[in-house]
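Worksheet: one structure, shown below.
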Amino acid sequence: MHQGATNTVLLVCDVWDNHYCKDLQRRMGPLAERIDKFASIVRQRGGHVLHCPSQTVDTYYNSWPQRKTMRKYPFARPVISEKMQTVKLPLDTTLTTGCPDIPPCPVHSDFTKQHEGIKILPRDLISDSGQEVYNFIKAENIDCVLMTGTVLNMCIMGRPFGVQALVNRRIPVRVVGDLVEVFYSPLESPNISIDQAKWFILGYIKAKWCPVTTTYKELLDVSCCKVTYP
18 MHQGATNTVL
28 LVCDVWDNHY
38 CKDLQRRMGP
48 LAERIDKFAS
58 IVRQRGGHVL
68 HCPSQTVDTY
78 YNSWPQRKTM
88 RKYPFARPVI
98 SEKMQTVKLP
108 LDTTLTTGCP
118 DIPPCPVHSD
128 FTKQHEGIKI
138 LPRDLISDSG
148 QEVYNFIKAE
158 NIDCVLMTGT
168 VLNMCIMGRP
178 FGVQALVNRR
188 IPVRVVGDLV
198 EVFYSPLESP
208 NISIDQAKWF
218 ILGYIKAKWC
228 PVTTTYKELL
238 DVSCCKVTYP
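All residue numbers for the sequence shown refer to the numbering used here, where the first residue is 18 and numbers rise by one.
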C-alpha cells in the first residue's frame, strides 16, 4: 500500500461490540485496537475505510452520514467469474460452533454495533450489503480490498461482501493475516491451537482463494494486489 493509495479500501468485517463466545469477545478488544491503528495509516495514505458490522447497519447506523453516502453509489451489475468457487475450509466446528470455552457458550445474538475500539470517521463508509460494496468498488475504481476482522473461517469468507463474493466477482482482495481472528475450538479436528488454526486457514486461503498479507508488508509496500481472474 503506497502513498496516494486512493484505489485501496480497508474492509472491516463484523468486529462487533459483543459476542456470545466469551473467548472471542476477549480477543476482539486487541484486534479492534490493531485495526484502528492500521485504519489511520490507510486514511493518511489516501485510502478508504469501509466498516461492515453485519446485522447492525440498518438499525444502529441507519441515519449515519457514512451509511447514507454508501447508498448513493449507482448500481453496478456484477461481473461473475466463469470459475465460481464456494467456501469449504478444513476446520471442524460441528460440536462447539467454534467456541473454545468449556462448556461452549450458548449461541445467541449479543451485539448492537461495531466495537468502539474502531473509530468511524466522517470520510469512512458503512454497509453490510454485497451489492452496495460492489457499487462502491466500481464507482471509486478500487483495485485492492484489504480484508480484516472476524471471523476468518466464517464471516470473512462467506458474507456477501466477503472473500468468496469478491473473488467470484473478480475483485482483487487480500487478507491481512495479523488483523483477523478465527473461530475454533482445539477440541475439534484438526486439534491444534487457536493461533495455529488461524495460520492454517490463512495458508489454505492463500493456496485456494487470494493473497495473504500483513500490516508490516503493507507498510513497506512489498505486496501487490494485482490478481488476474479468469
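Think of the CB as a built atom: it goes at the ideal place given N, C-alpha and C, for glycine as much as any other residue.
Burial state of residue i, where buried means 16 or more other Cβ atoms lie within 10 Å
i	result
V184	buried
H68	buried
A49	buried
Q143	One detail in the question is off: residue 143 reads as Ile in this sequence, not Gln. So I143 counts as buried.
P120	exposed
G220	exposed
I173	buried
L169	buried
V59	buried
I97	exposed
L237	exposed
S126	exposed
R140	exposed
L196	buried
Helix, strand or coil at residue i [DSSP, three-state]
i	result
C172	helix
T25	strand
Q148	helix
V229	strand
Q83	helix
Q72	coil
I154	helix
N35	coil
I237	As written in the sequence, residue 237 is Leu, which differs from the Ile given in the question. Looking at L237 - three-state DSSP - the assignment turns out to be helix.
Residue i, enclosing alpha helix (DSSP H) - first and last residue
i	result
V59	K39 to Q61
D212	I211 to K225
N185	V180 to N185
Under 8 Å between C-beta atoms of residue i and residue j
i	j	result
K130	D53	no
V193	M171	no
N152	P91	yes
V29	I159	no
S206	D109	yes
I218	L106	yes
E149	R88	yes
Residue range of the unbroken beta strand (DSSP E) whose run includes residue i
i	result
L67	H65 to C69
V192	V190 to V197
L163	C161 to G166
Chain C within 8 Å of residue i, Cβ atoms only
i	result
P70	No chain C appears in the structure shown, which is made up of a single protein chain.
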